[in-house]
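In what follows, a structure is listed as structure tokens, so that the remarks can point back to it.
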Amino acid sequence: MGESPWGFKSLRPHQFDYGWMNNMFEFKIGSFPIRLHWSYLLLIILVLGAGFGVIGVLIWLIAVLVAILIHELAHAAMARRQGALLDHVMLYGLGGVTVWNERYGSGVNWKSRIWIAAAGPVTGLGLGLVGYAGIRFGLFGEAMQSAVNVPWRLGLRYWAIQGDWLSFTIACLVWMSLAWTAINLLPMGGLDGSQILAEVLERKNPRDGRKQAAWVGVIVAGLAAIYAVIVLRSWLIAFVFGMFALNDYARINDQPPPFGNFRR
Numbered sequence: 162m163g164e165s166p167w168g169f170k171s172l173r174p175h176q177f178d179y180g181w182m183n184n185m186f187e188f189k190i191g192s193f194p195i196r197l198h199w200s201y202l203l204l205i206i207l208v209l210g211a212g213f214g215v216i217g218v219l220i221w222l223i224a225v226l227v228a229i230l231i232h233e234l235a236h237a238a239m240a241r242r243q244g245a246l247l248d249h250v251m252l253y254g255l256g257g258v259t260v261w262n263e264r265y266g267s268g269v270n271w272k273s274r275i276w277i278a279a280a281g282p283v284t285g286l287g288l289g290l291v292g293y294a295g296i297r298f299g300l301f302g303e304a305m306q307s308a309v310n311v312p313w314r315l316g317l318r319y320w321a322i323q324g325d326w327l328s329f330t331i332a333c334l335v336w337m338s339l340a341w342t343a344i345n346l347l348p349m350g351g352l353d354g355s356q357i358l359a360e361v362l363e364r365k366n367p368r369d370g371r372k373q374a375a376w377v378g379v380i381v382a383g384l385a386a387i388y389a390v391i392v393l394r395s396w397l398i399a400f401v402f403g404m405f406a407l408n409d410y411a412r413i414n415d416q417p418p419p420f421g422n423f424r425r
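The letter at position 102 of the sequence shown is residue 263 when you use my numbering, and the numbering goes up by one with no holes.
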């Protein structure tokens, strides 16, 4: 995608300034270089009040890591397929980013960038729906079917209380794959949906298309923040959406976004 729900993606190396994210653990999955930053553990904040217990929180963190990694590797594979040079995939406290570079004569045009941005959500949606269907049709047992009939926190907490960690893990992977896809398709904050919208609008309006996409992001993120406060009663979620809104507003004014130093 263009950027992760909590960060940025499909960016060329000179467009991303890591700043405080310089200290990372590096490894490879096949030919894909992966960087894992310690700030990834900050995602634990999202489930502090979920009642998962220590084991449940650890499993949840691993499930989130797997979901984000699959999402990012889909971007990386598509970037290579479109003729781009992959630099690395990074996972950190706000999600993940796939950094790639255009090679002279590579043919990475606006359509190719849309394919790269869409690869992550499409892959996550496909895997999530396969897992969901497996649960619904009893592939993981009759009792497991209840995991798709209740809100995710209640469902996951039930399996955590029961100590059924296999069911808990499966439910985490399914829900995270679907939730990650849904978040990334929102047209705000540089997420995949925002990247795709920006490419389309820039095609129609080369001068102001990306700023128009950023204005859409400000509006969507602002409404989402209000919804989080009034309906979800979560100031944390509202704060995250507020970050997206501020990032988009900075892009409108050709300024570096305050949350993730993305530069064009």
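Just so you know, even glycine gets a beta-carbon here, dropped at the ideal spot from N, CA and C.
In this structure, Thr330 is the residue among Trp376, Thr259, Thr330, Ala280 with its C-alpha nearest to the C-alpha of glycine 292. Remark: C-beta atoms of isoleucine 195 and valine 250 approach each other more closely than 7 Å. If the five residues before and after serine 395 are omitted, its C-beta is found closer than 6 Å to the C-beta atoms of Ala389, all from its own chain and listed in chain order. For tyrosine 319 and aspartate 369, the gap between their C-alpha atoms comes out near 49 Å. DSSP lists His198 as the beta-bridge partner residues of methionine 185. In this structure, histidine 236 keeps its C-beta atom at 7 Å or more from the C-beta atom of tryptophan 341. C-alpha of alanine 374 to C-alpha of phenylalanine 301: approximately 42 Å in a straight line. Per DSSP, glycine 299 lies in no beta strand (DSSP E) segment and is marked neither H nor E. Between leucine 317 and cysteine 333, the alpha-carbon positions lie close to 7 Å from each other.
Note on the region 229-292: whole beta strand (DSSP E) runs with a minimum of 3 residues are 246-253, 256-262, in chain order.
Excluding five sequence positions before and after serine 200, the CB atoms of its chain that fall closer than 6 Å to its own CB belong to Tyr253, Gly254, given in chain order. By a beta-carbon distance limit of 8 Å, proline 348 does not contact valine 379. Their separation comes to about 11 Å.
Isoleucine 220 has its alpha-carbon roughly 12 Å from the corresponding atom of aspartate 325.
For alanine 340, the enclosing alpha helix (DSSP H) begins and ends at 326-345. Closest by C-alpha distance to alanine 359, out of Gly287, Gly403, Ile275, is Ile275. The beta carbon of leucine 247 sits closer than 6 Å to the beta carbons of Ala237, Ala240, Arg241, Trp261 from its chain, once the five residues preceding and following it are set aside; these are given in chain order. The residue from Leu393, Ile322, Ile277 with its alpha-carbon nearest to that of valine 215 is Ile322.
Pairing isoleucine 387 with alanine 406, the inter-Cα distance amounts to about 12 Å.
Taken in chain order, the unbroken stretches of alpha helix (DSSP H) that lie wholly in the region 385-414 and span 4 residues or more are 396-413. Cβ contact annotation for aspartate 409 (same chain, cutoff 7 Å, sequence separation greater than five): Met349, Gly350, Ala375, Gly378, Val379, Ala382, in chain order. Distance from the CA atom of isoleucine 223 to the CA atom of proline 367, rounded to whole angstroms, is 41 Å. If you draw a 10 Å sphere on the C-beta of aspartate 415, you find fewer than 16 other C-beta atoms in it, and that means exposed.
Of the candidates Phe186, Val208, Val283, Val283 places its Cα closest to the Cα of leucine 234.
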